[in-house]
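Residue 35 is where the sequence shown starts when you use the working numbering, and the numbers rise one by one after that.
Backbone N, C-alpha and C fix where the C-beta goes; we use that ideal spot for every residue, glycine too.
In this text, all values refer to a predicted model and were calculated from it rather than measured experimentally.
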Amino acid sequence: MESIKQAIEQGAQTIPEIIRVSGLSPWLAKYHLKSLGLYYNFLWTDRAKRAESVNKSISGGEKSLEALCKAAHLKANGFAKLCKEYHINLPSDLIPFRFRPKMDALIDKGATLEEIGAAEYVSKEKAR
35 MESIKQAIEQ GAQTIPEIIR VSGLSPWLAK YHLKSLGLYY NFLWTDRAKR
85 AESVNKSISG GEKSLEALCK AAHLKANGFA KLCKEYHINL PSDLIPFRFR
135 PKMDALIDKG ATLEEIGAAE YVSKEKAR
């Protein structure tokens with residue numbers, strides 16, 4: 035626990051920084067932060083930095099949802115929560131995340147739902 039306190043005194047502001055400075059394993063560092071009642075304080079700081087990173091990317095002209103998710107180191111669902119929490123305004127011409135690139139290519143070609151479903155081995159309802 036002392037190494038955690040020393041890491042914080044040295045200016046570590048996120049959990050990865052605390053792990054690096056203290057030399058503890060990730061599990062042990064999180065355990066001690068929770069026992070000190072500080073775990074969620076450091077998660078909040080990390081989320082603020084993620085939101086700042088997303089805002090920088092947007093102001094730099096990034097319009098791809100996939101690239102913005104990578105900048106925040108989050109999946110699409112967590113990214114949506116981050117945007118709501120920090121009131122991040124996404125570009126109106128946002129490029130959608132391509133979950134199934136093969137399906138997206140068929141959609142761009144104008145294939146029917148049956149053709150898309152057959153190519154991806156899913157029902158036409160799932161393709162919809």
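Own chain partners of residue i with C-beta closer than 7 angstroms, once the 5 adjacent residues on each side are dropped
| i | result |
| --- | --- |
| I129 | K97, S98, L99 |
| S157 | G151 |
| A46 | I52, V55 |
| D127 | K97 |
| E217 | Nothing can be reported for residue 217: it is not among the residues displayed for the chain, which extend from 35 to 162. |
| K136 | A153, E154 |
For residue j and residue i, believed in contact at Cβ under 8 angstroms, the rounded distance
| i | j | result |
| --- | --- | --- |
| A105 | S93 | Not a contact, Cβ separation roughly 12 angstroms. |
| R84 | H121 | Not a contact, Cβ separation roughly 14 angstroms. |
| H66 | I42 | Not confirmed; about 11 angstroms, so no contact. |
Nearest residue (CA-CA) to residue i, options the options
| i | options | result |
| --- | --- | --- |
| F131 | G95, S87, I38, K109 | K109 |
| M35 | L70, E43, P50, Q44 | L70 |
| S87 | F113, E148, K68 | F113 |
| L116 | C103, S126, P125, G144 | C103 |
| N89 | G57, K64, P125 | P125 |
| Y155 | G144, K143, R134, D142 | R134 |
| N123 | A63, G57, G95 | G95 |
Contacting residues, own chain, Cβ-Cβ under 8 angstroms from residue i (five flanking each side not counted)
| i | result |
| --- | --- |
| Q44 | V55 |
| Q40 | V55, S56 |
| W61 | none |
| D142 | none |
| A101 | S91 |
Nonlocal neighbours in the same chain, by C-beta distance under 6 angstroms from residue i, ignoring five residues either side
| i | result |
| --- | --- |
| R81 | none |
Practice task
Jot down the residue ranges of each uninterrupted alpha helix (DSSP H) in the segment 79 to 154, minimum 4 residues, whole runs only, in chain order.
Solution key: Entirely contained in the segment 79 to 154, the alpha helix (DSSP H) runs reaching 4 residues are, in chain order, 99 to 106, 110 to 119, 135 to 143, 147 to 154.
Practice task
For the segment 48 to 74, list the alpha helix (DSSP H) runs that are entirely contained and at least 4 residues long, ordered along the chain.
Solution key: Taken in chain order, the unbroken stretches of alpha helix (DSSP H) that lie wholly in the segment 48 to 74 and span 4 residues or more are 49 to 56, 60 to 70.
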